[in-house]
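Going down the list, the protein sequences come from chains A and B.
Position one of the first sequence corresponds to residue 1 (our numbering), numbered consecutively onward.
Position one of the second sequence corresponds to residue 168 (our numbering), numbered consecutively onward.
Remarks on the structure that follows.
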Amino acid sequence: MSLFLFWVFAAMMLAFGAGVVLLRNPVSSAMCLVMSFLGLASLFFTLDAYFIGIIQILVYAGAVMVLFLFIIMLLDLKAERARKFNIPAMAGGIAVLAGFVGILYKVLASNAEYLHAKPAFTVPFTSDVKAVGAALFTQFNLPFQIIGVLLLVATIGVVVLSKKELK
Amino acid sequence: MDISSFLFQPSVFLIWTSLVKTLFILFGAILPLVSLAVFAERKVSAFIQDRVGPNRVGAPTSLVGFKKDYSLWGLGQMVADPIKLLLKENFIPKSVNKFYYYIAPKLTMIPPLLVLAVIPFGSSFLGVPMVIANVDIGILFVFAVSSLGVYGIVLAGWASNSKYPFLGGIRSSSQMISYELALGLSVVPIFLICGTLNLSQIVDWQVKNGWLIAPFAVGGGSLSLVQRVLLWIPMVISFVIFLVSMFAETNRTPFDLPEAEQELIGGYHTEYSSMGFALFFLGEYAAMIAGSGVIVTLFFGGWSLPFIPDGSSHWLFGLTNIPDWLPGVVWGFVNINVFFAKVSLFIFFFIWVRWTVPRFRYDQLMKLGWIYFFEIALANIFLAALVLVYIK
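Structure, rendered in structure tokens:
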């Protein structure tokens, strides 16, 4: 059952991910990205990582993408739709993709161990919320604090930049 | 293998009991509650404005040979309103983006119904817990899913390809983004106090230690009176922020700017008719019910009432010659009714506020969300943490 669900959600994620790039309408692209995030969150759920999965939905699908959609809707969509395909850019994109797939293949083929997914939790399963919290505040406390400072700096920067015009 | 042993295999049992609970919640609770809420909205607004309200549609008994029709205080309106919407012509304007125009009402309706999956609406019934999905991330699931509800409104505004719905969609998305933060932060003190995100466990905590809205008034537990009163301070702040943000999240007056009739005709659903409009309506009222359910679960002890036992009880007024399962069934049934009674009280409160408080201006709404609620909710987390450090 869990394997079947994995294929369903992986297919959903990839199909909508392709939709983000291929569809010409920016609103459709944004909605495809939302669906792709939901597929990714579902994959986390099948790994018993409920907390990570739900944060994925809450932050990306529920907040970030709403802002994206907000901005896209205010733009002039007709200009975007009328644009021609850019052949050099597409060739570059395909080259990067081929390179990535090649590296991925090399890594996976180098060690048979990598072909089998590790379980998300090796400790006896209690609650993944507690597991994430414990890891953040004991093992990775310093990086966590540094990220906190980084985000604070970014927040203050945004406030300063947006206040500048008001003066 | 015979049918009863098949039905009581753990995984099969889980599937069919969940299915029964889902069907009960959808068709036994939410749909009747929605149409009752619409009827109550009309009746209460009429009472507040000193009108009569709908009082004619009742039981048309003269159609089947009786002498007289019974108006039943207009209760037939509950059935007449949905039928009217269903039978209207579904007019689709020519300039809309068809795909998103069709899908938007569904996207508004589904999230509030999904939220109800994690809310415990009763204690237990013959040993089956009365919650569809008892997940550990409980309240985060509620926030995540209800935050997806904004897509329906935004897409409806955009796909209608007309200026008033578009303005409604824009207002709605900025409003929901602003109030989600305050909503999420205001419940963090509850996690600190209860030590869990699981809604069932939060209710269990309240059964033992008293409801979070008034921890000093009801229940026993290990805390002293002074500690309870101290705990009460951050809880009241949480409750006020949560309640007001919930009004903003569900687009109810005084924060109903996305559909402000006087400014935007009907806001995001201006171009919708018939069932499309009805689904928006259903979505709005279902969101109100789900929101009331969350408030009741977090602050008002969920399905519990002081001195009323839960579904695992073996006591029924001291009666002895009764089957062993009977007390559990009786109290389980009472618990479910207590939950929906509390939810109904909150729906009445929603309606009461709508017909009493005038609408906020847009800049006031933004200011309230970002400048006051966000900061107060943040400070409240530290306050709750300090109180907990002092208590423990």
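Ideal Cβ positions, reconstructed from N, Cα and C, are used throughout, including at glycine.
From a predicted model like this one, the values you see are computed outputs, not experimental measurements.
Endpoints, alpha helix (DSSP H) assigned at residue i
i                 : result
Arg521 of chain B : 493 to 521
Val211 of chain B : 198 to 215
Gln56 of chain A  : Here Gln56 of chain A belongs to no alpha helix (DSSP H), and DSSP marks it neither H nor E.
Glu347 of chain B : 330 to 353
Gln531 of chain B : 529 to 534
Leu181 of chain B : 177 to 190
Asn376 of chain B : 366 to 376
Asp128 of chain A : 128 to 134
Ser441 of chain B : 441 to 466
Trp7 of chain A   : 2 to 22
Ser171 of chain B : 170 to 174
Pro143 of chain A : 141 to 164
Lys251 of chain B : 244 to 254
Contact check, residue i vs residue j, beta carbons under 7 angstroms
i                 : j                 : result
Leu322 of chain B : Tyr269 of chain B : no
Pro476 of chain B : Trp492 of chain B : no
Ala415 of chain B : Tyr318 of chain B : no
Phe448 of chain B : Pro272 of chain B : no
Ile432 of chain B : Tyr331 of chain B : yes
Phe44 of chain A  : Ile57 of chain A  : no
Gly324 of chain B : Tyr237 of chain B : no
Val505 of chain B : Trp537 of chain B : no
Ser329 of chain B : Glu208 of chain B : no
Ser327 of chain B : Val231 of chain B : no
Pro287 of chain B : Val370 of chain B : yes
Ser185 of chain B : Ile277 of chain B : no
Val34 of chain A  : Met13 of chain A  : no
Neighbourhood of residue i by C-beta, 7 angstroms cutoff - its chain only, sequence neighbours within 5 removed
i                 : result
Ser441 of chain B : Leu252, Lys255, Glu256, Asn257
Ile133 of chain B : Nothing can be reported for residue 133 of chain B: it is not among the residues displayed for chain B, which extend from 168 to 559.
Val224 of chain B : Gly241, Gly243, Gln244, Ala247
Phe467 of chain B : Trp378, Ile380, Lys509
Ile548 of chain B : Leu352, Val355, Pro356
Thr138 of chain A : none
Between the CA atoms of residue j and residue i - distance to the nearest angstrom
i                 : j                 : result
Ala546 of chain B : Ser36 of chain A  : 36 angstroms
Pro88 of chain A  : Leu22 of chain A  : 16 angstroms
Asp169 of chain B : Ile182 of chain B : 18 angstroms
Asn365 of chain B : Val302 of chain B : 6 angstroms
Val132 of chain A : Gly362 of chain B : 14 angstroms
Val219 of chain B : Pro227 of chain B : 20 angstroms
Val554 of chain B : Ala311 of chain B : 29 angstroms
Ser511 of chain B : Asn502 of chain B : 14 angstroms
Phe540 of chain B : Ala63 of chain A  : 18 angstroms
Ala18 of chain A  : Leu97 of chain A  : 13 angstroms
Leu69 of chain A  : Asn25 of chain A  : 12 angstroms
Met90 of chain A  : Gly99 of chain A  : 14 angstroms
Val187 of chain B : Ser313 of chain B : 24 angstroms
Thr420 of chain B : Phe180 of chain B : 43 angstroms
Selection from the options that minimises the alpha carbon distance to residue i
i                 : options                                : result
Leu535 of chain B : B:Phe409, B:Phe173, B:Phe310           : B:Phe409
Trp522 of chain B : B:Leu203, B:Phe422, B:Leu465, B:Pro356 : B:Phe422
Met73 of chain A  : A:Phe45, A:Leu152, A:Asn86, A:Val27    : A:Val27
Ala61 of chain A  : A:Leu38, A:Ala91, A:Leu152             : A:Leu38
Ser353 of chain B : B:Trp240, B:Ile306, B:Ile320           : B:Ile306
Met455 of chain B : B:Gly469, B:Ile514, B:Ser471, B:Arg209 : B:Ile514
Phe214 of chain B : B:Trp537, B:Arg528, B:Ile518, B:Ile304 : B:Ile518
Thr496 of chain B : B:Phe175, B:Ser290, B:Lys234           : Checking the sequence shown, residue 496 of chain B turns out to be Val, not Thr. Among B:Phe175, B:Ser290, B:Lys234, the Cα nearest to that of Val496 of chain B is on B:Ser290.
Contacting residues, own chain, Cβ-Cβ under 8 angstroms from residue i (five flanking each side not counted)
i                 : result
Leu193 of chain B : Leu280
Ala10 of chain A  : Gly39, Leu43
Ser340 of chain B : Val317, Ile320, Val321
Beta-carbon proximity list for residue i, same chain, < 6 angstroms, skipping 5 on both sides
i                 : result
Ala551 of chain B : Pro356, Leu359, Pro401
Tyr452 of chain B : Val201, Ala204
Ser459 of chain B : Val510, Phe513, Ile514
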